[in-house]
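Notes follow once the structure below has been shown.
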Amino acid sequence: MPDVITANRLTDGVVLFQTADGHWTEDFNRAAILHDSQATADALKRAKQDEANNIVVDPYAIVVEERNGHLAPKALREAIRAAGPTIRRDLGKQALGQAPHAGPKVATETDHVSL
């Protein structure tokens, strides 16, 4: 399965994804998709250099998968990190309409929940 490199920005803790040109973006959909272990190792090495230069913190690779015709993080934790806050949809990336494929389905006020 393909990988994406993620980290947090040192200055504010925002979740970032490495782009194909080695820069960083908050937009999961702009992340470089790494299709083999050598590409992942090379990208992670560049990310570790950015960590040493105090740009990002704790870079690592995450596994992504195709979901509804789009790539999305496979692990729930990473889907939550990519989508932003989980308690208020009026904040973060959900409010901006970004990363619609990165996160799990968010319940709406009309969704029924049995207790």
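Counting from 196, one number per residue, gives the positions in the sequence shown under the numbering used here. Just so you know, even glycine gets a beta-carbon here, dropped at the ideal spot from N, CA and C.
Where L229 falls, given that 16 or more other Cβ within 10 Å makes a residue buried
Along the sequence shown, read from residue 1 onward, the residue named residue 229 stands at position 34. With 16 or more Cβ atoms within 10 Å of its Cβ, L229 is classed as buried.
Any contact of the region 233 to 248 with the region 258 to 270, i.e. 3+ C-beta pairs under 8 Å?
no
Does the Cβ of A277 have 16 or more other Cβ atoms within 10 Å, making it buried, or fewer, making it exposed?
Your numbering for residue 277 matches position 82 in the sequence shown. The residue in question, A277, is buried, as its Cβ has 16 or more Cβ neighbours within 10 Å.
In angstroms with no decimal places, state the Cα-to-Cα distance between V210 and T201.
Counted from its first residue, the sequence shown places residue 210 at position 15. Counted from its first residue, the sequence shown places residue 201 at position 6. Cα to Cα, the separation comes out at about 7 Å.
Proximity of T214 and R225 at Cβ, strictly below 8 Å:
Here residue 214 is taken as the residue at index 19 of the sequence shown, counted from 1. Here residue 225 is taken as the residue at index 30 of the sequence shown, counted from 1. It is a contact, given that the beta carbons lie within the stated cut-off.
If I measure Cβ to Cβ from P254 and keep anything under 8 Å in the same chain, skipping five residues before and after, which residues do I get?
One-based indexing of the sequence shown puts residue 254 at position 59. The residues are I200, T201, A202, Q213, L239, A242, K243, D245, E246.
How is A256 classed by DSSP in three states: helix, strand or coil?
By one-based count along the sequence shown, residue 256 stands at place 61. If DSSP states are grouped into helix, strand and coil, A256 belongs with the strands.
Drop a sphere of 10 angstroms on the beta-carbon of V382, count the other beta-carbons inside from all chains shown, and report buried for 16 or more, exposed for fewer.
Outside the shown range of the chain, which is 196 to 310, sits residue 382, and nothing can be said about it.
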